[in-house]
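Heads up, the thing below is written out as structure tokens.
Residue numbers (this note's numbering): 1 to 975.
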């Protein structure tokens, strides 16, 4: 079931929603496509999407849907793995506007919040008070409080603080039929008052009491006594010994019972200090066997991971720093201890290790440095991404990824589960998870595109469910039931308890309009599959090679696994336009969903010509941040370039594609009379006309051409000085250095020659084709790149290094070129011979000492440096020169080549810069150097922070060489 009903059937509902609801009402194909799935195996296209501005607006939306008898689904971060966040319903997306913290009682540690606020954002707001929310799922950058309540989320910190149910005091909820109420713990007097008041609320409370009384013995005997039971409804919270807590009973109900409007949460204190012990074992079963002994020491987190996960993370270059810190072993436990100070935390960790090593064989290390701990936790949290697409192996899927058993039985369970995996030929699956609470994560190479593969999947999960129940465990220990496990609940609870769940559903939602088909009366676990036996996407001919996706665009479009890291606001580069707009369709995930639906063809029906896909990609800055920051390396910049090529093929393009997209060509023409052209371009009247004609935002200052190109300067510069001693290098004259900032090239020549290299610069005009690639003019880009390979032919034959100063151009050679000209061996040679300045000096002149540079520097790392090249060697150069260097974690500068110049992009461009970069520069010491190797970054900084003079690292080094030379001459003259 795809939910692909004709949208016009719902025009009346959409019109009523627009008339009534304070929010954004979206029933268009693009929005429906964007919300068609979550992080699960399932796909159901929604009827429409409502983005309310307030909880009251959300309540109005439910009322309108009730009037039209339309089902409703509340959605937070949309990262659910069991399919509970996709449905053929009206989706209410809380995550854009309903993000307010309404109150914080810093004395009692209680907060009232709206459900759309992200966990990390809420904890940032709470940090000054010393409080935080206890549970912390690995999706903490993107998961919302409402989603955590709906799913009863846990995470690694649940070892100390419990599940989300343990953090909920009260909830303001709304039933589908319009009852709005605050619910929480209910004593006898309160219960009598509610029932005595009559009406629908009294009916619900009386029904819940009857339900609890009727099934009390079944609940006590059937619910497993383990820390991680997430499956089923929390009917145990209604028992007398649990104070008839209606709010807690609703936690984990996955939008099937009520809509949560507000939440009152119990907070926990932020630990004063933490220490992380990492223990190595021979195998994952032995690691699990040690869990009970470790639990005696009351850790705040206890995580497990096997050698398979580590091998995959290492091969995918995820969290490599962390993996080098692991002690010897083939499986590991990460054990965190909190303390009142660092000494106390360290003492707990070392005491645990001493006690454990007297009982079992284990290698161990204790980490208390914050950066090292963060790296190791990053390795654990990267698990899903590392295991989704194992190199040279079948892709893996969720579907049986979070079962939980009693911790004391975990070792035996894992050995039996491993045998089950092997018997079904799923033995490559990695095992990891929250071992301190017996919760095991994995992704399994299910085949979900064939009838046999789907049948095998069903047989495996049914047998796995019986195995977990045999061990006294829960089908879900964290991710919920949704559709993946709803059908399996009778295996765990028996028919009588499933009947109780159905009665609870009928009490709150008698017409089955709240997220129907999930948990109760569920869809079958093998229907509504995103792939399934009917999956047959279009396979268009494309210009990029997509070698990591079987050379198929449809596979690239389906690469996203939906974990939503691109929806974070905290660190990294991905995804700048989402951070500016908070729109799902402007996240990497949202764009990937649209591309998936485009090749699927039943919601987005006009393929490459799709306006919806174009509009979503229009605000993609092509920063490539997703290539490195996305857990599965979605490369939206490449997909955008591919799409733009086909979208505009045979059609007139936006004027900016001809102006900024052809800037290397115009720059060559400008070289004949740069001063005259600058005067024309910057005269008040003509500048306005040129910008308008060129599709450039009127608020942007046009770049100024240099009076003399770098290549012209190099051709007639005086040659002399110290003879080269390290061989020849080709210095690439990129269009930005060559035509706009030749001083960067001159500085690089000085540095390279100082290091003993013979510098050569191509005599003919060359270009990397970047501006044509970013605007989707791929045939032109391929011609330009072939000319470049011809010009560099002699250097490629001799293995001569090609030093590229502009990070975006270097990234083209390393990443885009080999995919555009995949069958050309010279393209792969150039990718291997491309160096940044820092990389060349580290590899070919390791003994060269950078001249001393006094003071400090803040560095805005170019997005393509972050994604493709890295900044390690440049940082080492600066450190060697004595610079106190701060590499900003400020995300994209927002200019991103032609993006920030194009009409309609200025506000987003500036918003990206104002997110973190501009505040960081304002806070930086006035005397600090501002280093930015990217031309776009330097341009944006000059435009928005005019008092700062950004420099390329080559300029900083060259200035230091000049200063050192003056010092040497002064010392000689003083003798």
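Using N, Cα and C, we set each Cβ at its ideal position, and we do this for glycine too. Since the structure is predicted, the reported quantities are computational estimates derived from the model, not experimental observations.
- 8 Å or more divides the Cβ of residue 108 from the Cβ of residue 184.
- Proximity of the segment 513-520 to the segment 91-99 falls short of the contact definition, fewer than three beta-carbon pairs being nearer than 8 Å.
- The alpha-carbon of residue 364 is positioned some 19 Å away from that of residue 320.
- Closest by C-alpha distance to residue 140, out of 794, 661, 123, is 123.
- Cβ-Cβ distances below 6 Å link residue 86 to 37, 38, 42, 44 in the same chain, with the five nearest sequence neighbours on each side left out; the list follows chain order.
- Assigned with DSSP and collapsed to three states, residue 660 falls in coil, not helix or strand.
- In this structure residue 795 is buried. Its beta-carbon is surrounded by 16 or more other beta-carbon atoms within 10 angstroms.
- By the Cβ criterion, the segment 268-281 is not in contact with the segment 386-400, since fewer than three pairs of Cβ atoms, one from each stretch, lie closer than 8 Å.
- Taking residue 737 as reference, the option from 717, 723, 805, 341 with the minimal CA-CA separation is 805.
- For residue 379 and residue 322, the gap between their C-alpha atoms comes out near 6 Å.
- The DSSP-derived three-state label of residue 772 is helix.
- Looking at the backbone, the Cα of residue 913 and that of residue 567 are separated by about 17 Å.
- In the structure shown, residue 807 adopts helical secondary structure according to DSSP, grouped into three states.
- Contact between residue 931 and residue 951 holds: CB atoms are separated by about 6 Å, below the 8 Å threshold.
- When rounded, the separation of the alpha-carbon atoms in residue 195 and residue 206 is 7 Å.
- Non-local beta-carbon contacts of residue 529 in its own chain, meaning distances under 8 Å to residues more than five positions away in sequence, involve 41, 42, 43, 448, 454, 535 in chain order.
- Closest in C-alpha terms to residue 173, from the list 259, 28, 249, comes 259.
- Restricting attention to 561, 609, 410, the CA atom closest to the CA of residue 472 is found in 410.
- In the three-state reduction of the DSSP assignment, residue 370 falls in the helix class, which pools H, G and I.
- The three-state secondary structure of residue 523, taken from DSSP, is coil.
- Between residue 864 and residue 807, the C-beta gap is smaller than 8 Å, which places the two residues in contact.
- Unbroken alpha helix (DSSP H) stretches of 4 residues or longer found wholly inside the segment 800-879: 807-811, 817-820, 825-833, 837-844, given in chain order.
- Proximity of the segment 613-626 to the segment 576-589 meets the contact definition, three or more beta-carbon pairs being nearer than 8 Å.
- Assignment of alpha helix (DSSP H) within the segment 295-377, counting only whole runs of 4 or more residues, yields 307-315, 320-323, 342-357 in chain order.
- DSSP lists no bridge partner for residue 604.
- Rounded to the nearest whole angstrom, the C-alpha separation of residue 243 and residue 254 is 22 Å.
- Taking a contact as a CB-CB distance under 8 Å, the pair residue 159 and residue 299 counts as one, their CB atoms being some 6 Å apart.
- Going by DSSP, residue 614 is part of no beta strand (DSSP E) but of the alpha helix (DSSP H) stretching over 611-618.
- Residue 86 carries a coil assignment under DSSP once its states are collapsed to helix, strand and coil.
- When beta bridges are read from the DSSP output, residue 103 appears opposite 112.
- With at least 16 other beta carbons inside 10 angstroms of its own, residue 52 counts as buried.
- Between residue 201 and residue 474, the C-beta gap is not smaller than 8 Å, which leaves the two residues out of contact.
- According to the DSSP secondary-structure assignment, residue 732 is paired through a beta bridge with 804.
- Of the residues 851, 547, 438, the one whose Cα lies closest to the Cα of residue 960 is 851.
- For residue 182, the uninterrupted beta strand (DSSP E) segment begins and ends at 180-183.
- About 4 Å separates the beta carbon of residue 848 from that of residue 755, a gap short enough to meet the 8 Å contact definition.
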